[in-house]
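Peer 1: Pasting in a structure now, in structure tokens, and then I'll have a few things to ask.
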Amino acid sequence: MNIIQIIKNKIFGEKSEIVKILEKIPIFEGLNDLELKKIEIITHERSYLPNEVIFHEKEPGAGMYIIKRGSVRLTKKTETKEIEVVVLKEKEFFGELALLDESPRSATATAIGKTEVLGFYRPDFLTLLQREPKLGSKVLLKLAQILAARLRYTTETSVKGMNHK
Amino acid sequence: MIQNLKVLNWVKLIVIYLIILFALFIFYLAQDLLTPFLIASILVYLLNPLVDKLEGSGIRRGVAVSLIFIGIIFVLFIIIVIFYDSIINEINTFKDKVPLYFNKIKSSLEESATILEKNISFLPKGNLKKLINEKSSELPQIIEKSIPSLITKFIEVITGTLIVLFTTFFMLKDGRTFRKEIIKLVPNKYFETFLCLLYEINKQIGNYIRGQIIDCVIVGILSIIGLSLIGLKYAIIIGIVSGITNIIPYLGPIMGMIPGIFICIIEHHSMLMAINVVVVLIIVQLIDNVVISPLAVGKSVDLHPLAVIISVTVGGALMGVWGMLLAVPLFCALKVTFEILYRGIIEYGSWEN
Chain A
1 MNIIQIIKNK IFGEKSEIVK ILEKIPIFEG LNDLELKKIE IITHERSYLP
51 NEVIFHEKEP GAGMYIIKRG SVRLTKKTET KEIEVVVLKE KEFFGELALL
101 DESPRSATAT AIGKTEVLGF YRPDFLTLLQ REPKLGSKVL LKLAQILAAR
151 LRYTTETSVK GMNHK
Chain B
166 MIQNLKVLNW VKLIVIYLII LFALFIFYLA QDLLTPFLIA SILVYLLNPL
216 VDKLEGSGIR RGVAVSLIFI GIIFVLFIII VIFYDSIINE INTFKDKVPL
266 YFNKIKSSLE ESATILEKNI SFLPKGNLKK LINEKSSELP QIIEKSIPSL
316 ITKFIEVITG TLIVLFTTFF MLKDGRTFRK EIIKLVPNKY FETFLCLLYE
366 INKQIGNYIR GQIIDCVIVG ILSIIGLSLI GLKYAIIIGI VSGITNIIPY
416 LGPIMGMIPG IFICIIEHHS MLMAINVVVV LIIVQLIDNV VISPLAVGKS
466 VDLHPLAVII SVTVGGALMG VWGMLLAVPL FCALKVTFEI LYRGIIEYGS
516 WEN
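Those protein sequences? They're chains A and B, same order as listed.
Residue 100 in the numbering used here sits at position 100 of the first sequence, with consecutive numbering throughout.
For the numbering used here, add 165 to where a residue sits in the second sequence, where the first one is 1.
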């Protein structure tokens, strides 16, 4: 490690485990170390026991979660039963719609085993947008791109479904 | 497993309640020591955006806080250097005039006593005058006796200032970590609601305190300018007092007028001057209410003026000056808590689960 790197580490700090996780999440893709560190500061580490509910369907949402360790099941209630939508593993994320507004959650998230997650919540995201508009808008743009891709996929799937009928 | 979860959530909730109770108990026991911590909290709210800004540019938080502290000490040094002569002059003149004021008050009391004794027949002649003379001759001794306690007070002020500086430094540097560690204890079930609540309360109180302080500084400066223009003696000190009292909503500006009027009567012997002081301070208040306050404080606290006046009065009755200062932020925190919990429970029924 050269002297400049040592000074840089002393002033800006070293890359933490959370930063290493965050840099692999699509929403934070393309952010530099300094920007990732700023995101790390506003994330909250939460631990869940097996079968503990992270959030319930139809509850107002406050933020997104990134799985640090363990796995999470997303389920949705129909009139008669509860169906599994997807099982998410380490380094995957869910609940990102709640970063935009507090509309009700579209599914219930439950920890399968002992699970650790990083919570990234709307109040902190809104503060980030206000305090650091440049970084905030980078995250916002990525979020919009992810939602656009998902919308495109949903539209294509429903069109295909209609054609099959 | 679910049973374990319920027990864990209850344990966490109880721990939070115990911590809050313990903190309140400590505050109750150490009421007199509370002032430096409250001042430090106000400074933290005031300086936090600046530290965030510096940290945003890539500097480590500890370095950013140190830089700000060095900056503040430098600015204070400059202010003291610039205003030292005039403030010391005002204090010295005021100090020299104290015996004069004392004699004036004494002679006016004696005059009143003579009038009273003349008009009320059953009052024994000369008794009141004797009493006034006795009591006034005791005054130098009383002052002499209280000198050791003045020295203790001075030491208390120095200790208080050091506590304020240390607390402010560490709350600015590590406050976020403390906050994060404390809210870690909140049970998962209530975490999102709690975080939203904390954000709203923090935003409103922060905006209010920052706005009020900026407002006070501007009102203080305007008062100094206005009072100097009409030629009031001790304009700087009276202006500073009027700026400081302005922090108390609605009642503060009236309190700020009293020292000015007192100086007019005692020093200038002029009711016209007193009217001038009142007019100047009213004009400053008008400028404050029309221009400065909407910009500085804005709608940081969405409270009805009547609610503000009532909470300030109740706060004053319960906790004196600090109560008056803390009334609005506390009322605001309660209002936000009620609104968020109401929305969560009534609109979403989110705690049914």
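All C-beta atoms, glycine included, are put in the ideal place defined by N, C-alpha and C.
According to DSSP, is residue 77 (chain A) helix, strand or coil?
Peer 2: On the first sequence, residue 77 (chain A) is found 77 positions in, with the first residue counted as 1. Three-state DSSP puts residue 77 (chain A) in a strand.
Peer 1: By how many angstroms is the C-alpha of residue 341 (chain B) removed from the C-alpha of residue 229 (chain B)?
Peer 2: Here the question's residue 229 (chain B) lines up with position 64 in the second sequence. Here the question's residue 341 (chain B) lines up with position 176 in the second sequence. Distance between the alpha carbons of residue 229 (chain B) and residue 341 (chain B): 14 Å.
Peer 1: Check each residue of the segment 118-138 of chain A: if its Cβ is closer than 9 Å to any Cβ of chain B, include it; give the result in chain order.
Peer 2: Taking 9 Å as the Cβ-Cβ cut-off against chain B, the residues of the segment 118-138 of chain A that qualify are 119, 121, 122, 123, 124, 126, 127, 131, 132 and 135.
Peer 1: Please confirm if residue 38 (chain A) has its CB atom under 9 Å from at least one CB of chain B.
Peer 2: For this step, residue 38 (chain A) is matched to residue 38 along the first sequence. Closer than 9 Å to some Cβ of chain B, the Cβ of residue 38 (chain A) qualifies, so yes.
Peer 1: Sort B:383, B:326 and B:427 by Cα distance to residue 457 (chain B) and report the nearest one.
Peer 2: Residue numbering aside, residue 457 (chain B) sits at position 292 when the second sequence is read from its first letter. Nearest option by C-alpha distance: B:383.
Peer 1: Can you list, in chain order, the residues of its chain whose CB lies under 6 Å from that of residue 438 (chain B), leaving out five sequence neighbours each side?
Peer 2: Taking the second sequence and counting its residues from 1, the one referred to as residue 438 (chain B) is at position 273. Closer than 6 Å at Cβ, skipping near neighbours: 429.
Peer 1: Can you give me the C-alpha to C-alpha distance between residue 191 (chain B) and residue 501 (chain B), rounded to a whole angstrom?
Peer 2: By one-based count along the second sequence, residue 191 (chain B) stands at place 26. By one-based count along the second sequence, residue 501 (chain B) stands at place 336. Between residue 191 (chain B) and residue 501 (chain B), the C-alpha separation is close to 26 Å.
Peer 1: Using a cut-off of 8 Å between C-beta atoms, extract the partners of residue 48 (chain A) located in chain B.
Peer 2: Position 48 of the first sequence, counted from the first residue, corresponds to residue 48 (chain A). Residues of chain B passing the Cβ test: 353.
Peer 1: Check each candidate in B:319, B:282 and B:274 and name the one with the smallest Cα separation from residue 299 (chain B).
Peer 2: Residue 299 (chain B) sits at position 134 when you count from the first residue of the second sequence. Comparing Cα positions, the closest option is B:274.
Peer 1: What alpha helix (DSSP H) runs, 4 residues minimum, are completely inside the segment 257-323 of chain B?
Peer 2: Complete alpha helix (DSSP H) runs here, min 4: 292-310.
Peer 1: Which same chain residues, not among the five before or five after residue 472 (chain B), have their C-beta less than 8 Å away from its C-beta?
Peer 2: Translated into positions along the second sequence, residue 472 (chain B) becomes position 307. For residue 472 (chain B), where only same-chain residues beyond five positions count, the Cβ hits under 8 Å are 496.
Peer 1: Who are residue 344 (chain B)'s beta bridge partners in DSSP?
Peer 2: For the purposes of this step, residue 344 (chain B) is taken as the residue at position 179 of the second sequence. None, per the DSSP bridge assignment.
Peer 1: Where does residue 364 (chain B) sit, in a helix, a strand or coil, going by DSSP?
Peer 2: What you label residue 364 (chain B) is simply residue 199 of the second sequence in a count that begins at 1. Looking at residue 364 (chain B) - three-state DSSP - the assignment turns out to be helix.
Peer 1: Roughly how many angstroms lie between the CA atoms of residue 64 (chain A) and residue 17 (chain A), to the nearest whole one?
Peer 2: Counting from one through the first sequence, the residue named residue 64 (chain A) turns up at place 64. Counting from one through the first sequence, the residue named residue 17 (chain A) turns up at place 17. Near 19 Å, if we compare the C-alpha coordinates of residue 17 (chain A) and residue 64 (chain A).
Peer 1: Tell me the residue span of the beta strand (DSSP E) that contains residue 119 (chain A).
Peer 2: One-based indexing of the first sequence puts residue 119 (chain A) at position 119. 115-121 is the span of the beta strand (DSSP E), which, as asked, contains residue 119 (chain A).
Peer 1: Under a CB-based cut-off of 9 Å, is residue 357 (chain B) close to chain A?
Peer 2: Sequence index remark: in the second sequence, residue 357 (chain B) carries index 192 (1-based). So, interface residue.
Peer 1: Contact defined as beta carbons within less than 8 Å: I believe residue 76 (chain A) pairs with residue 83 (chain A). What is the distance between those atoms, to the nearest angstrom?
Peer 2: Here residue 76 (chain A) is taken as the residue at index 76 of the first sequence, counted from 1. Here residue 83 (chain A) is taken as the residue at index 83 of the first sequence, counted from 1. At roughly 6 Å, the Cβ-Cβ gap stays under 8 Å, so residue 76 (chain A) and residue 83 (chain A) are in contact.
Peer 1: Using beta-carbon positions only, say whether residue 111 (chain A) and residue 52 (chain A) come within less than 9 Å of one another.
Peer 2: To locate residue 111 (chain A), count along the first sequence from 1; it is residue 111. To locate residue 52 (chain A), count along the first sequence from 1; it is residue 52. Contact flag set, yes.
Peer 1: Can you grab the Cα-Cα spacing for the pair residue 454 (chain B) / residue 120 (chain A), in whole Å?
Peer 2: Walking along the second sequence from the start, residue 454 (chain B) turns up at place 289. Walking along the first sequence from the start, residue 120 (chain A) turns up at place 120. Roughly 40 Å separates the two Cα atoms.
Peer 1: If we require 4 or more residues per run, which alpha helix (DSSP H) segments fall completely within the segment 420-471 of chain B?
Peer 2: Listed in chain order, the complete alpha helix (DSSP H) runs (minimum 4 residues) inside the segment 420-471 of chain B are 436-452 and 458-461.
Peer 1: Helix, strand or coil for residue 48 (chain A) per DSSP?
Peer 2: As a working mapping, residue 48 (chain A) is identified with position 48 in the first sequence. Three-state result, residue 48 (chain A): strand.
Peer 1: Hey, quick one: how far does the alpha helix (DSSP H) through residue 109 (chain A) stretch, first residue to last?
Peer 2: Walking along the first sequence from the start, residue 109 (chain A) turns up at place 109. Counting along the chain, residue 109 (chain A) falls outside any alpha helix (DSSP H), though it belongs to the beta strand (DSSP E) covering 108-111.
Peer 1: Classify residue 516 (chain B) as helix, strand or coil using the three-state DSSP reduction.
Peer 2: Here residue 516 (chain B) is taken as the residue at index 351 of the second sequence, counted from 1. Since pLDDT at residue 516 (chain B) reaches only 46, below the 50 mark, its modelled position is unreliable, and no value is offered.
Peer 1: Out of A:135, A:127, A:27 and A:99, which has the shortest C-alpha to C-alpha gap to residue 92 (chain A)?
Peer 2: Residue 92 (chain A) sits at position 92 when you count from the first residue of the first sequence. That would be A:27, whose Cα lies nearest to the Cα of residue 92 (chain A).
Peer 1: Given residue 156 (chain A), which residues of its chain have a CB within under 6 Å of its CB, disregarding the five upstream and five downstream residues?
Peer 2: Residue 156 (chain A) sits at position 156 when you count from the first residue of the first sequence. So the list is empty, once near-sequence residues are dropped.
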